[in-house]
Each structure stands twice: as structure tokens, then as C-alpha cells.
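The block underneath contains the structure these notes are about, expressed in C-alpha cells.
There are 2 protein chains.
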Amino acid sequence: MKGVTTLKHSKVPEATIRRLSRYSRCLEELDERGEKVVSSAQLAGKCAVNSAQVRKDLAYFGEFGIRGVGYYVKDLLSDIKRILGSNKEWRMAVIGMGNLGSALLSYKDFLKQHYKIVAAFDIDPPKVIGRVSEKLGKPMEVLHISRIKEVAKDRKIEIGLIATPPSEVQGVADLLVEAGIRGILNFAPAQITVPEGFVVKNVFFTTILDNLAYLLSNYRPPQK
Amino acid sequence: MKGVTTLKHSKVPEATIRRLSRYSRCLEELDERGEKVVSSAQLAGKCAVNSAQVRKDLAYFGEFGIRGVGYYVKDLLSDIKRILGSNKEWRMAVIGMGNLGSALLSYKDFLKQHYKIVAAFDIDPPKVIGRVSEKLGKPMEVLHISRIKEVAKDRKIEIGLIATPPSEVQGVADLLVEAGIRGILNFAPAQITVPEGFVVKNVFFTTILDNLAYLLSNYRPPQK
DNA sequence: GGATGTGAAGTCGTTCACAGCT
DNA sequence: AGCTGTGAACGACTTCACATCC
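Quick mapping for you: the protein sequence lines, in order, are chains A and B. Residues 68 to 291 in this note's numbering are what the first sequence spells out, letter by letter. Residues 68 to 291 in this note's numbering are what the second sequence spells out, letter by letter.
Have a look at this one:
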């Protein structure tokens, strides 16, 4: 069995997926540097993880290496991208054009090529259109939220980035669900529930900063 | 022992800290709604976690509840804030004024009050000053990165937000360390190493999106 | 009576160590 | 000989269940 990409065991830890993304970055570097082959120990060193961890992570999805040799960099990279689904283009919409939403829009060029923001929505487009377009080289039209279902279909949107005030989050999520947008990345600190088959990931800056604050507050210097 | 805030067991899981942040949000809501007392079961329901988890999380830091009653909302909230260190003001600097860095700056009003961006740095301030200030109501002066040590002291900066290209990340981190800035929030997808006593948290959008992409790609609809 | 605080059990993820290929 | 792939040991976090206390 070589390079199978279906799951062997049904449950893959989320941490494994995050590491796959990291391996992917490291492999791109190695590839650019012209490396042909890499061992799990070398890759592990570069990614700061245990080498058995690398092998276990990959083992969830098949056998990608050659015993006594290692992994072919290009092959492993494309295998991982296929596993992650990051070998296709993902089209995204931002909902909510406040500070956060327009920040996301202006940030968009920084995203990897295959993640594309192709639409922007707000409850009151006239109010925000000036501010948003002034922040962008080529302005993107801000549409009224009510058009989301129609536009989602037209522009093949698969992921929604929620950047509204927290109080509006669940309502917006319901609209996304109705529009058949199955992936949600939520930036507003409020919990969302969606039906089976939809996926929500949260990015709460306050939580991350609280985490940093905790670690900074509670660090005890080593006892000399 | 009531409301002690020193650690009973030395290792607190990171997940516990993240949940504390979540409890904090929920308690603020409850407080605004005028609730005086809350049980672990009620709080757990609101935060979508197990009620024993709530009690275990709190148990790392002391005893905050009253048996047979529950927790006083206001007291628990302020205890958690004290534990997290989120009851003080944290002053932050952004380093790197590309798309991402200026997005962070324009986003700053969205952050909770006590996390403040008080400085912005770049390797080439003249080049970016126009673009950045045009994006902001009241512009913030962008300073040359070489001034970071001096400014860190003057403005009491404790956290640095790294928003440079990945290749520059370690160099910037070294400067932050030298300037005595102990907390780093890194947005550029590259690993950082810092000396003992410094803290790094990463926020890699690509990793999060890869994660979403994986879940969307691999969802299997329930067998009818 | 009722909800907390906590040892014990259970679950999940990581690391070890070596058998099995190349 | 060398490195992968993997069962088994280990460790960490979560959940259970109940003794404890208000």
C-alpha cells in the first residue's frame, strides 16, 4: 500500500492536521533549496517535533516513505497538500465590514494564493463602502448581506469569514448555512452552533492575548 | 482555602487557560444581565463544556465556589481576570507595516480595552507612512525598527506583534528579546526560538485555513 | 438538598523501541 | 546498515461519580 489518501483509522487528531500544515511549509522550503529526499528525523528537527510523531502523523493516511531511505520531498509535499485539501482553490467571503472585516480584506494579498477572498458583505454597504474602498488599491464592492445566497452560488463561495460584532454572529452563521457555505472562520468572540456537516473554526484574538498575558504574568524565573 | 491565586499543581494545561478566557466572556455576559450566582452546570452549558471541566479548571487555582450554591458571578469574574493577568493594561507594538501589520493597526480599536497598540515599526518607515496613515482616523507614527529598544522602554511595551515576511521573523524576535519585550505574538508562518523566560504564540492563518480545508474535504455525510 | 471539589477511571495523544523492508 | 511503520508503554487531559461541606 503506497500513498493511499483515505483514512486508515477514522479519527485523526486535530493536532496532526496542524502539524501536517507545518510539514507542508518545511517541505516547500526544502524543495526550494533543491533537497530531493528527507528523513523523518530531519523533517522533525526542522519542525521541532518528535520524529516518531512525523511518522505516526503520516501513518494515518498511508505509507509515503521508503525504508532505509526516507521520503521524496516533492512527492510527500504533494501528498500532504492532497490530504489537507490545500491543492485546490478555496473561495471565501468576508461578512462584516467594520475594522476587523476591512482589515481582513486589506490583508488578503498576504494569504496563500489558493485562499481567495471573492466577496464582501455588510448590513449597510453604503455606510462602509467609502472607508473600505479607500483602504484598498482596487476596491471590492461591498454587497448587502441579503444577497449572500445568490452570490455564494455565483461565485462558488465555500468559506465565510465572520467579522461582525459578537451579537450578530449566530444570525450570520445561520445565513451562511442557508446559503450552503459549509466552512466558517469566526473572528468575533461568540460561540456558534451549526448543523452536522458544517465546520466552524474560531480565531479569538482576545483569547490568544489572554493566554500570552497569563504566561507573562505567571512566569517564574528558574531558581538560579 | 478560599480564592487563592497561586498554583496548587505546577502544570496547568494550556487548554485550561483558553477555557478560562471563555468563562470570562460568559461571566461578563451574565454579569451584564444582572445574574448574581451561577453554578458550574449553568456556566458549562453556556460555554459548551462539561461541568466537571469547569470545576477542575478552577481547582488548579483555588476554591472559588460555595457548596450547595455555586459561584458569585462578579467575584469569579474578577478572580479569573486576576489569574489570567487580564486585569491590567498590556501595551503592544506592531513590527512590520505590510498588509498584515497595517491591518492589525486598523483593527486595534476592536481589541479589548486593556490590550493597546502603542507603537508601530518597520524597516523603511518613509515608504509605508503614507499607506498606513491613510488607513487610520488618527495616524500613528511608524518608527524605524532600530529605535525599538529605546521606545520599548519609554512606552513600556511588553508584547510585540510580528507581522513581517517569514524570512525576517527570527531577526525581529531577536531584537524584541534584546529590547526586553517578553511576549511575542507571531503572525508570519515561521518558527521562532527565544531564550527561557520569553513567550511566543503563533497565529498562522494558513494553518487555520488548511485545517478548515481538511475538514471540508474529508467530511463524509452520515449514512442516511 | 444541592452544588462544589476531587480521587479514580477513562479517553486521547505522544513517545518509545523494535520488527520489517529496501 | 538504515529508516520507515507500528504495537505497546507512557503521559496528559477529560469525564465520572461521590464524599464533602454550605
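Where is the CB? At the ideal position from N, CA and C, for every residue including glycine. These figures come from a predicted structure and were not determined experimentally.
Using the three-state DSSP reduction, which class does residue i fall into: helix, strand or coil?
{"i": "A/Val-161", "result": "strand"}
{"i": "B/Gly-70", "result": "Its pLDDT being 48, under 50, B/Gly-70 is placed unreliably in this model, and the coordinates cannot settle the point."}
{"i": "B/Phe-272", "result": "helix"}
{"i": "B/Ala-115", "result": "coil"}
{"i": "A/Gly-250", "result": "strand"}
{"i": "B/Ile-226", "result": "strand"}
{"i": "B/Ala-187", "result": "strand"}
{"i": "A/Gln-290", "result": "With a pLDDT of 48 at A/Gln-290, under the threshold of 50, the modelled position of that residue is not reliable, and the figure given next carries that caveat. If DSSP states are grouped into helix, strand and coil, A/Gln-290 belongs with coil."}
{"i": "A/Ile-150", "result": "helix"}
{"i": "A/Ile-259", "result": "coil"}
{"i": "B/Val-136", "result": "coil"}
{"i": "A/Ala-126", "result": "helix"}
{"i": "B/Leu-110", "result": "helix"}
{"i": "B/Leu-282", "result": "helix"}
{"i": "A/Leu-167", "result": "helix"}
{"i": "B/Val-79", "result": "coil"}
{"i": "A/Leu-178", "result": "coil"}
Sorted by chain position, which residues of the same chain lie with C-beta nearer than 7 angstroms to residue i's C-beta, five sequence neighbours on each side aside?
{"i": "A/Val-267", "result": "Ile-251, Asn-253, Ile-259, Val-261"}
{"i": "A/Lys-216", "result": "Glu-245, Ala-246"}
{"i": "A/Pro-192", "result": "Val-209, Leu-210, His-211"}
{"i": "B/Val-140", "result": "Leu-94, Leu-97, Asp-98, Glu-102, Lys-103, Val-104, Val-105"}
{"i": "A/Tyr-182", "result": "Trp-157, Met-159"}
{"i": "B/Thr-273", "result": "Pro-256"}
{"i": "A/Ala-186", "result": "Ala-160, Leu-210, Val-218, Arg-222, Ile-224"}
{"i": "B/Glu-81", "result": "none"}
{"i": "A/Lys-113", "result": "Cys-93"}
{"i": "A/Val-236", "result": "Ile-229, Asn-253, Ala-255, Ala-257, Ile-259"}
Using alpha carbons as the reference points, say which of the options lies closest to residue i.
{"i": "B/Ile-224", "options": "B/Tyr-138, B/Leu-243, B/Pro-233, B/Asp-146", "result": "B/Leu-243"}
{"i": "B/Pro-232", "options": "B/Gly-168, B/Tyr-281, B/His-181, B/Ser-118", "result": "B/Gly-168"}
{"i": "A/Met-207", "options": "A/Leu-171, A/Glu-217, A/Gln-180", "result": "A/Leu-171"}
{"i": "B/Lys-155", "options": "B/Lys-179, B/Val-104, B/Gly-247", "result": "B/Lys-179"}
{"i": "B/Val-104", "options": "B/Asp-277, B/Ala-240, B/Asp-124, B/Asp-142", "result": "B/Asp-142"}
{"i": "B/Phe-36", "options": "B/Ala-111, B/Val-239, B/Tyr-139", "result": "Chain B is shown from 68 up to 291; residue 36 of chain B falls before or after that span and cannot be answered."}
{"i": "A/Thr-83", "options": "A/Tyr-127, A/Arg-149, A/Leu-94", "result": "A/Tyr-127"}
{"i": "B/Arg-134", "options": "B/Ser-145, B/Arg-122, B/Ile-248", "result": "B/Arg-122"}
{"i": "B/Trp-157", "options": "B/Leu-228, B/Ala-280, B/Pro-80, B/Thr-274", "result": "B/Leu-228"}
{"i": "A/Tyr-281", "options": "B/Leu-283, B/Phe-265, B/Ala-280", "result": "B/Phe-265"}
{"i": "A/Ser-30", "options": "A/Asp-277, A/Arg-100, A/Gly-132, A/Ser-91", "result": "Absent from the structure is residue 30 of chain A, since the part of chain A shown begins at 68 and ends at 291."}
{"i": "B/Glu-263", "options": "A/Glu-263, A/Ile-275, A/Tyr-286", "result": "A/Tyr-286"}
{"i": "A/Ile-162", "options": "A/Asp-241, A/Leu-276, A/Ser-284", "result": "A/Asp-241"}
{"i": "A/Leu-276", "options": "B/Gln-109, B/Ile-226, B/Arg-100", "result": "B/Ile-226"}
Classify residue i: buried if its beta carbon has 16 or more other beta carbons within 10 angstroms, exposed otherwise.
{"i": "B/Ile-184", "result": "buried"}
{"i": "A/Arg-89", "result": "buried"}
{"i": "B/Ser-173", "result": "buried"}
{"i": "B/Val-136", "result": "exposed"}
{"i": "A/Ser-153", "result": "buried"}
{"i": "A/Ser-234", "result": "exposed"}
{"i": "B/Asp-221", "result": "exposed"}
{"i": "A/Lys-148", "result": "buried"}
{"i": "A/Asn-278", "result": "buried"}
{"i": "A/Arg-92", "result": "buried"}
{"i": "B/Ala-230", "result": "buried"}
Can you list, in chain order, the residues of its chain with a C-beta nearer than 6 angstroms to that of residue i? Leave out the 5 residues immediately preceding and following it.
{"i": "A/Lys-291", "result": "Reliability of the predicted coordinates at A/Lys-291 is poor, the pLDDT of 38 falling under 50, and the value obtained from them is presented with this limitation in mind. Excluding sequence neighbours, A/Lys-291 sits near nothing in its chain."}
{"i": "B/Val-270", "result": "Phe-254"}
{"i": "A/Ala-219", "result": "Ala-246, Ile-248"}
{"i": "A/Leu-125", "result": "Phe-131"}
If you drop the 5 nearest sequence neighbours on each side, which residues of the same chain put their C-beta closer than 8 angstroms to that of residue i?
{"i": "B/Arg-214", "result": "Phe-188"}
{"i": "A/Gln-120", "result": "Arg-86, Ala-111"}
{"i": "A/Asn-117", "result": "Ala-111"}
Is residue i a contact residue of the ligand MN, with contact defined as CB to any heavy atom under 7 angstroms?
{"i": "A/Ala-119", "result": "The model depicted lacks the ligand MN and carries no ligand whatsoever."}
Please name the residues in the region 263-274 of chain A whose beta-carbon is closer than 8 angstroms to at least one beta-carbon of chain B, in chain order. Glu-263, Gly-264, Val-266, Lys-268, Val-270, Phe-271, Phe-272, Thr-273, Thr-274
Interfacial residues, the region 82-105 of chain B to chain A, with Cβ spacing under 8 angstroms: Ile-84, Arg-85, Leu-87, Ser-88, Arg-89, Ser-91, Arg-92
Residues from the region 221-246 of chain A in contact with chain B, defined by Cβ distance under 8 angstroms: Glu-225, Ile-226
Chain A contacts made by the region 159-178 of chain B, where a contact means CB separation under 9 angstroms: Met-159, Gly-165, Asn-166, Leu-167, Ser-169, Ala-170, Leu-171, Leu-172, Ser-173, Tyr-174, Lys-175, Asp-176, Phe-177, Leu-178
Listed in chain order, which residues of the region 119-145 of chain A have Cβ atoms closer than 7 angstroms to some Cβ of chain B? none
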